[in-house]
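These notes concern the structure reproduced below.
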Amino acid sequence: MTEARLFPYLSLPMLVAYLRRHGVTAVQSDLNIALTHRLLEPAVLGKRLRLGGLDEFDEALLSFAADQHELLYSTVVRKQSTSLPFEVGFRLVNNVMDIMVRDSVLTRPVTSLPEVFGLAESDAPAGDLAAHEHDELTRALLPDRPARVLGISVAYFSQLAPAFRMARLVKQRHPGTIVVLGGQQLMMRGAELAAMPETFRHVDALVTTQGEAVLHRLAEAVEADRPIHEVPGLVTTHGSSPAPEHHIADNPPPDFDGLPFSSYLSPEPQMPLISCVGCYWGRCTFCSYGNRSRGQYQQLTQEQLADHVEHGLRRTGARFVAFVDENCNLRLVLGAAELVRARGHTFTWSTRNRLEPLLADRAFVRRMYDAGCRLMSVGYETNSQRLLDLVDKGVRADLYQRIVEVLDESGIVLRLSVMGGLPGETAEEARASREFLVRNSARLGIDAAQMMIAEPTSLLASEPRHRTGLTVADGDQLQSNNGFSYLAGRHGKVIDYEGATREERADWLRETVRVVLPGKNDEKHPRWKKADGAKPADELVLHPWIVPVQGRLIDLRWRMRYGIGPGHVTLRASGASRRLTARTELGRKLLGLLKEADVGDHS
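Written out as structure tokens, the structure reads:
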């Protein structure tokens, strides 16, 4: 389970491409998108409705999704032009998923690694439709002649319990299948997990490094009937040995064959690619990924990256490339994009990077736009240089304003992931950082807000004594981004602050979310709209996703409820069409406000 349903998670296509190039038969499956499709089926939605226990919003939404399945599926999955705007359909699908996985064993929060194993060993109740459908999808991967090796890539902490649960299910049915866990969580927590006997109850081995060469050696060992604990880079109950050397340049272009590439939930198919392994800066003290890659950074050449882009465009038919590096080398990516366009391919692309000083160069940013860059995702911690230096961010706060303006003028959308809870931050510094975002709200979007977490392998977790005003606790208890991120997001050691508590600092971040109304997000939430621009109206035709329930209107898209002014407004229904008619001047004003909130349109 993950909220990332826009395009394939890249580890699978990269591993599969490498293995296939070396003669290994490999099949890949994305159970996250498969489960999404399954839980949208009318029969499954009907089961959930019959189980009951839903509030009026949940019941209305699931009934709508079951009745309008073909419309939703055609709009969001098949990408067909329908009467339903894509952005509305996308929001409705995500809302449906939130209901269908609520309280499932797949999504139940845990606050320590020991809890992970307890949850993995528990059976799902009969009413846990998400878990039972996920089990069926897992069994469908295992034919009568099962795979000799099953690898599970675990990207997020919330996926650990479902991964171990899958391993148990596989071993019960096919004890001889070798189950291997890898991915970002194993790179971070491999040492902790290897020290816990429960890890190897249903799992044979862990991969805590890049997986390509290790899995290739494992395939050779299985073919030769050699013990797997002899495979370099595998962590087993016998211990481990150094992994074989591997460089990203040894990888062929990712192979997406076998994944439902066009059925992810982006408005058009998006192809993810990486240009590097690790981060060339690698010093931001809160970044576990960058910190553990210090001295081990790898990147493709511009020509190699251009070849990967061109190969992917030809094979998938995509016209948008998402460069999903933790921190893109902008010169490298730009050079590759210009090479591909010079070869005759037209495509657009996005990056993930820091607010580099290079982005204050208007000519460079213009080159990026001309080469197809349309979106830039960036982490924003603060605009205090003192704090940026304290976490060794390596950027200049005095350039932030110019960078924001240059990107806006160029047409490249800037979307921020905002972080709170920095070491040593004062209330005044938090306020100043918030005011910077408020002043520039029309020029930027916000993708996420999260508190800083002391994840394993980060300098923050390993060297807190060097970080002013922080104490990092030992013990099993983990801190998370519960309340900010999907399924609590990142998990790490408990941080205690001098001065304001973590909860007070979380309140500073919540205030930022409340007052910053981003202008560059794809969708405009009703609360971001200005009521003073509303014009009175005599009549309003409701959108199909606006449902009357007990004298109120429920917006299934935004989970909002509106009163409709008894005595001032009349609701009339004719077939599938519903309209509101004003009876008084106050009713006309109310319809104007509802129009501004996108509840409906004028007839």
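Reminder that position 355 of the sequence shown reads as 355 in UniProt numbering, one-by-one numbering, no gaps. Every residue, glycine too, gets a C-beta built ideally from N, C-alpha and C. Here the structure is a predicted model, which is why all the values come from computation and not from measurement.
Residues bridged to residue i by DSSP?
i: Asn353; result: Val378
i: Thr570; result: Thr581
i: Ser83; result: Partner(s): none; Ser83 has no beta bridge.
i: Lys493; result: Ala454 and Leu478
i: Cys276; result: Gln299
i: Met560; result: Asp555
i: Cys373; result: Trp349
i: Asp128; result: In the DSSP output, where bridge partners are listed per residue, Asp128 has none listed.
i: Ile152; result: Leu181
i: Phe323; result: Leu273
i: Ala449; result: Val418
i: Val235; result: Leu206
Please name the residue in the options whose C-alpha comes closest to that of residue i.
i: Asp325; options: His525, Thr351, Phe7 and Glu245; result: Thr351
i: Gly239; options: Lys589, Arg331 and Glu230; result: Glu230
i: Ile99; options: Val277, Asp128 and Glu338; result: Asp128
i: Gly492; options: Tyr486, Ile248, Thr36 and Asn481; result: Asn481
i: His16; options: Ala219, Thr584, Ala573 and Gly278; result: A quick correction: the sequence has Val, not His, at residue 16. The shortest C-alpha separation from Val16 is found at Ala219.
i: Leu31; options: Tyr400, Ser574, Arg139 and Glu428; result: Arg139
i: Leu206; options: Arg226, Glu429, Leu193 and Val235; result: Val235
i: Glu409; options: Asp447, Lys520, Phe164 and Gly379; result: Lys520
i: Pro456; options: Pro146, Arg189, Gln80 and Leu35; result: Arg189
i: Leu150; options: Ile495, Val547 and Val27; result: Val27
i: Thr237; options: Ala322, Gln296 and Val203; result: Val203
i: Phe364; options: Ser377, Gly335 and Thr2; result: Gly335
i: Gly118; options: Ala161, Arg91 and Ala155; result: Ala161
i: Gln159; options: Pro146, His134, Pro254 and Glu428; result: His134
i: Ala449; options: Leu6, Leu414 and Arg510; result: Arg510
i: Tyr497; options: Asp476, Gly420 and Ala537; result: Gly420
i: Pro357; options: Ala243, Gly592, Arg102 and Ile403; result: Ile403
i: Met166; options: Leu141, Gln184 and Gln185; result: Leu141
i: Met368; options: Asn383, Gly394, Val391 and Arg341; result: Arg341
In the structure shown, what three-state DSSP assignment does residue i receive?
i: Met368; result: helix
i: Thr512; result: helix
i: Met196; result: coil
i: Ile546; result: strand
i: Leu444; result: coil
i: Val179; result: strand
i: Val77; result: helix
i: Ser288; result: helix
i: Ser262; result: helix
i: Val207; result: strand
i: Ser417; result: strand
i: Gly53; result: coil
i: Asp601; result: strand
i: Val24; result: coil
i: Asn95; result: helix
The ligand ZN and residue i: does the residue's C-beta get closer than 7 Å to at least one heavy atom of that ligand?
i: Pro146; result: Summarising the ligand content, the structure contains no ligands, and the ligand ZN is consequently not present.
Got a sec, what are the start and stop residues for the alpha helix (DSSP H) residue i sits in?
i: residue 604; result: Nothing in the structure corresponds to residue 604, since the chain is present only between 1 and 603.
i: Ala65; result: Glu56 to Asp67
i: Gly118; result: Leu113 to Glu121
i: Ser11; result: Ser11 to Arg21
i: Gln159; result: Where Gln159 is concerned, there is no enclosing alpha helix (DSSP H), given that its DSSP letter is neither H nor E.
i: His246; result: Unbroken run through His246: none, as it is neither H nor E.
i: Ile33; result: Leu31 to Leu39
Which residue comes first and which comes last in the beta strand (DSSP E) that contains residue i?
i: Glu539; result: Glu539 to Leu542
i: Thr471; result: Leu470 to Val472
Alpha carbon to alpha carbon, how far is residue j from residue i? Give it in angstroms, no decimals.
i: Gly46; j: Leu12; result: 33 Å
i: His602; j: Leu580; result: 10 Å
i: Val148; j: Val170; result: The displayed chain sequence assigns Arg, not Val, to residue 148. Spanning the two alpha carbons is a distance of roughly 11 Å.
i: Asn329; j: Asn353; result: 8 Å
i: Ser405; j: Asp447; result: A small fix is needed here, since residue 405 is Glu in this sequence, not Ser. Their Cα atoms are separated by approximately 19 Å.
i: Thr512; j: Glu338; result: 38 Å
i: Ile274; j: Ala488; result: 26 Å
i: Glu245; j: Ala213; result: 8 Å
i: Leu586; j: Ser63; result: 33 Å
i: Leu422; j: Ala506; result: 10 Å
i: Ala371; j: Arg331; result: 12 Å
i: Arg559; j: Phe484; result: 17 Å
i: residue 642; j: Ala194; result: No information on residue 642 is available, as it lies outside the stretch 1 to 603 that the chain covers here.
i: Ala65; j: Leu556; result: 10 Å
i: Asp474; j: Val494; result: 8 Å
i: Pro8; j: Pro260; result: 9 Å
i: Val277; j: Val418; result: 24 Å
i: Leu470; j: Val110; result: 24 Å
i: Ala430; j: Leu414; result: 21 Å
i: Met196; j: Leu113; result: 9 Å
i: Gly211; j: Leu590; result: 59 Å
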